[in-house]
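Visitor: Let me begin by handing over the structure; questions about it come next.
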Amino acid sequence: MFNTDYTFKGKHANIVTQLTTEIDSETKFKLFSRNIDVLIIAPIVGLLYGVTDTRDDSGQVVVENVKKINYQQMSGESYILNYNYTLVMLLHDKNKVSVEERLNRAFKYAKGTPEREECDKVFESYVLGGINKLKEKLLDGATQIDDYINNIFNFITEYDERYNQDISEKDIIDMCTNN
Amino acid sequence: MLLKKLTLYNFRPFKGEHELLFSTDKEKNVTLVMAENGAGKTTLAQAFQWVLYGRTEGFKNKSVLNSLIEKEMISGTVENVKVELELEHNGVEYVIVRNQTYKKDINGITKQDPSTLDVINKQSDGQTNFNSPLKNVSLVSSILPESLSKYFFFDGERIEKMAGEVNEGKSDEFKTAVQNLLGLTALMKAIEHLNPNSKDSVIGRYNSQIDEYGDQQTRELRDRIYKANEDLENNQKRIEDLESQLKYYNAEIEKAKVELSSYAESEKAQKQLNQLNMELQREKEHKANTIATLMSNFSKETYNYFSRKLIKDALEILKETDHIDKGIPDVRAETIKFLMDRKKCLCGADLSDPTSDSVQHLMDLLKYIPPQSLGTSISQFVDRSNGNIRSSSNYYENVKSQLSTIRGCSLKIEEKENEIGDIDKNILNISNEKITNLKSRQMDYEKTVKDFEQQLINLKAENLQKEQERGKYEADINRLQMKVQRNQNIEIQRQYAKAAYDVLRKTYDYKENQTRESLEKEINELFKQIYAGGMTISIDNKYRITTYVNELGDDNTNLDANTAKSYSIIFAFIVGVISLAKSKVNNENDITDEYPLVMDAPLSSFDQRRIKNICEVIPSIARQVIIFIKDADGNIAKREMKDKIGVEYEVALKDREIPLDSTITKVGEF
């Protein structure tokens, strides 16, 4: 899925546009430099918040509400995109689907197979859900730089409080070593 | 004055002591001294001059010591010369004695001491008074002033001299006689003393003392003082003007200072504003930089940070599986298939033989690599997870710190902006413009004040100098005014002197004229007696004598007419003077007594009739007549004056072969 162009459409394209637009004309700051940066973080956020969405094909497709990531850029970041894909496949439906199946989704189903295509949809749904969440957490209520900073901090703090305080970096490293 | 006795001691030709007793009889008032040639006739006449005044004018040899005695003197010896004159004057008897000492030194040279004068006056009670030398001279002068003496002691040589002058038309003796007569000498001396035409006279000296340039200099100095005063006045006006302006400008400077100080707060506020703006800018930059860092971190690292939870969950799932095997990372079944189809391994081994060990080894590997084996994929995933975890370890702390910094900056920015907002912008705007203007004006005023102060210093210095100059001019004027005052005093004195001179001159001229006329008249009266009206003279105011001969005829036949005429005039003149003097006795101070006539008379110059007339006239005019006369004339005189001769002497050499040793012999007393 990551060796072709990728296109955001509709409301997601709008959100991606806002996330990659200068939020302060004076400092020229952007929340994300590139569209692909949104594509990288969006499935993680979607998965963390358990939010998904479907592609917004409503309305007329115009240039303004299409955000396209070209193939070359996708190839350049395919390593991390694939890693994200693996994470999503391993943890999606983890209470409903067997580990064996999730391992297959993560590592085994080859391109072009129906299983893989189903998995790709799942992955994209998290991407789109994540975009929605990013909008909610970063863009909503923000009109100036300090608002964005606050949103960022609140967003990160929320994650920290919800997840990170229980994570021991040492345990993870140990797990990596022992696996 | 009545001469009584003349005593000579070693005086010229009269060796030893000799004496002449003069006739004091009023009738027989003539003493006739007859002398042979060379016996000492003239010496006797001159003895009077010597004893009275110490004069030796007529002597060729100034030594009065008898030559024989002098010759006989040996070295170291002393000889004395003495002449003693006894006389009566105004009822007092005097003995006038003149001594002179002669010494012969070791070289045989005779030296003389100055002569000494003694005057002994005998009072009526017989007492004798001796006087001091100075008093003696004064006494002699009071008896007969030297200036007058020559008319009364009249020697032959002077007669000749005067005769010559008369013949030449000169008449100094007349002039002098008139001047000397009867106090006119004093008057003349007073006139000469005052004479305005003489540089050395009183008036001449006054003239020289008067500074004729004083007034002009004073005028010039006054002009300078006026100029200095004018300058000083102008300078003073300028000084007052400058001081007034200085007062104004100093007041303006003070006002500007006060005003400026009132704007100090604004200036302070301006500084504060600048400081706040600077700090605000710094905070903004700090905040912007921190935001930049935060944004950069957010954009790059949030993914890893958020992944941690998912990685942990994923690893926990994988932990429960045992699918991790010995596969070759990233080598999938498709890779092996590709090598088998190529029939050549990555290492170059030939894979064409399906039975070869290499092919068998690759076929075994298929069991351990995806898709047949998930182990490798899982293993790779774990490895990547390990890397991801490590890169986000401090993410949250960093963001928190950055956010804290950003918030701190925001607070400070707000604070600064509030402070800036608190500053009254109106004051700032007004004060800036006003301060600039005020400072500029203050500087202008201060420059003007400095300039004016310098001008004041210069003007005051100039005034000081001008005052000093004026003081000097005034001092000069005072000095000149003193001169002018002195000039005025001198002028007054000069006018007095001039007036005195005029009065004296007038008096003198009058008296002189009167005296001259009297003398002329007297002489002509005498001429009437001598010449019986045959000759008259006139003396003009220049004392030129003009003779008018009315009667010549036989009178001039046996005598040189001119000589006779001259001698006649002289005699007449002398006798006239005596006569005039006699007539003035009671009126004038100078002539206090009658005077004798002592004369060396060369009667032989006259003809018989004139001698007779002269001999008649002379004794009648003078109170006492002493005539020294040579033998020949003596006899004529003796004959003509026989009734008048009281005493007769004869002077002769003791020995005709030995000159310079005469003797005086009384030959008769009648």
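Line by line, the protein sequences give chains L and V. FYI, in my numbering the residues of the first sequence are 1 to 179. FYI, in my numbering the residues of the second sequence are 1 to 670. The C-beta atom is built at its ideal place from N, Cα and C for all residues, glycine as well.
Can you give me the C-alpha to C-alpha distance between V:Cys347 and V:Leu366, rounded to a whole angstrom?
Guide: Rounded to whole angstroms, the separation of the alpha carbons of V:Leu366 and V:Cys347 is 17 angstroms.
Visitor: What residues from the segment 112-143 of chain L come within 8 angstroms of chain V, judged by C-beta to C-beta, listed N to C?
Guide: Per Cβ criterion, the list is empty.
Visitor: Rounded to whole angstroms, what's the CA-CA distance from L:Leu81 to L:Val97? Just pull it up for me.
Guide: About 23 angstroms.
Visitor: Between V:Val331 and chain L, is the shortest Cβ-Cβ distance under 8 angstroms, so that the two count as touching?
Guide: no
Visitor: Three or more beta-carbon pairs under 8 angstroms between the segment 73-87 of chain V and the segment 53-62 of chain V, yes or no?
Guide: Verdict: no, contact absent.
Visitor: At a Cβ threshold of 8 angstroms, is L:Ile172 touching chain V?
Guide: yes
Visitor: Alpha carbon to alpha carbon, how far is V:Lys26 from V:Cys615?
Guide: 16 angstroms
Visitor: Got a sec? Which residues, its chain only, sit under 7 angstroms from V:Asp353 by beta carbon, not counting five neighbours each side?
Guide: Val359
Visitor: Would you call the segment 50-58 of chain L and the segment 307-321 of chain V touching, i.e. three or more CB-CB distances under 8 angstroms?
Guide: no
Visitor: What residues in its chain sit with their C-beta under 8 angstroms from that of V:Thr557, if we drop five residues either side in the sequence?
Guide: Note that V:Thr557 scores 38 on pLDDT, short of 50, meaning its location in the model is unreliable and no value can be drawn from it.
Visitor: Determine the chain L residues that contact V:Ser299 at a beta-carbon separation under 8 angstroms, and present them in chain order.
Guide: Lys30, Leu31, Phe32, Ser33, Asp37
Visitor: Using a Cβ-Cβ cut-off of 8 angstroms, state whether L:Val51 counts as contacting chain V.
Guide: no
Visitor: Are the C-beta of L:Val16 and some C-beta of chain V separated by less than 8 angstroms?
Guide: no
Visitor: Could you tell me whether any Cβ in chain L is nearer than 8 angstroms to the Cβ of V:Arg384?
Guide: Taking CB atoms only, V:Arg384 has a neighbour in chain L less than 8 angstroms away.
Visitor: Looking at the structure shown, is L:Leu31 part of a helix, part of a strand, or coil, going by DSSP?
Guide: In this structure, L:Leu31 counts as coil in the three-state DSSP scheme.
Visitor: Distance check for V:Glu36 and V:Ala632, CA to CA, integer angstroms please.
Guide: 9 angstroms
Visitor: Classify V:Phe130 as buried or exposed, calling it buried when 16 or more other Cβ atoms lie within 10 Å of its own Cβ.
Guide: exposed
Visitor: Are the CB atoms of V:Lys644 and V:Pro619 nearer to each other than 8 angstroms?
Guide: yes
Visitor: Distance, Cα to Cα, V:Phe452 vs V:Asp444?
Guide: Answer to the nearest angstrom: the Cα atoms are 12 angstroms apart.
Visitor: Would you identify the three-state DSSP class for L:Ile172, choosing helix, strand or coil?
Guide: helix
Visitor: If we cut at 8 angstroms on Cβ distances, does L:Leu87 have a partner in chain V?
Guide: yes
Visitor: If you drop the 5 nearest sequence neighbours on each side, which residues of the same chain put their C-beta closer than 8 angstroms to that of V:Gln236?
Guide: Asn463
Visitor: Is there at least one Cβ from chain V nearer than 8 angstroms to L:Ile44's Cβ?
Guide: yes
Visitor: Where V:Met363 and V:Ser356 are concerned, what is the direct C-alpha to C-alpha distance, given to the nearest angstrom?
Guide: For the pair V:Met363 and V:Ser356, the Cα-to-Cα distance works out to about 11 angstroms.
Visitor: Please determine if the segment 31-43 of chain L and the segment 102-119 of chain L are in contact, where contact requires at least 3 C-beta pairs separated by less than 8 angstroms.
Guide: Fewer than three pairs of CB atoms, one per stretch, sit closer than 8 angstroms, so the segment 31-43 of chain L makes no contact with the segment 102-119 of chain L.
Visitor: If V:Lys450 sits next to V:Leu280, beta carbons under 8 angstroms apart, how far is it from one beta carbon to the other, in whole angstroms?
Guide: About 44 angstroms; that fails the 8 angstroms criterion.
Visitor: How about L:Met175: is its C-beta nearer than 8 angstroms to some C-beta of chain V?
Guide: Taking Cβ atoms only, chain V reaches closer than 8 angstroms to L:Met175, which makes this a yes.
Visitor: Check whether the segment 188-205 of chain V touches the segment 483-502 of chain V, counting contact only when three or more Cβ pairs, one atom from each stretch, lie closer than 8 angstroms.
Guide: Touching, per the Cβ criterion.
Visitor: L:Asp120 to V:His361, Cα distance in whole Å?
Guide: 35 angstroms
Visitor: Span of the beta strand (DSSP E) holding V:His18?
Guide: V:His18 -> beta strand (DSSP E) spans 14-21.
Visitor: Along the beta strand (DSSP E) that carries V:Tyr9, what are the first and last residues, could you check?
Guide: 2-11
Visitor: Let me know the secondary structure DSSP gives V:Met34 once reduced to three states.
Guide: In the displayed model, V:Met34 falls within a strand according to three-state DSSP.
Visitor: With a threshold of 8 angstroms between beta-carbons, can V:Asp313 be considered close to chain L, or not?
Guide: yes
Visitor: Using the Cα positions of V:Asn274 and V:Arg282, report the straight-line distance between them to the nearest angstrom.
Guide: V:Asn274 and V:Arg282 have their C-alpha atoms some 12 angstroms from each other.
Visitor: Would V:Val30 and V:Gly646 qualify as a contact pair, given that the criterion is a beta-carbon distance under 8 angstroms?
Guide: Taking 8 angstroms as the cut-off, the beta carbon of V:Val30 is found closer than this to the beta carbon of V:Gly646.
Visitor: What ranges does the alpha helix (DSSP H) occupy inside the segment 444-492 of chain V, keeping only unbroken runs of at least 4 residues that lie completely in it?
Guide: If we require 4 residues or more, the segment 444-492 of chain V turns out to have no alpha helix (DSSP H) run fully inside it.
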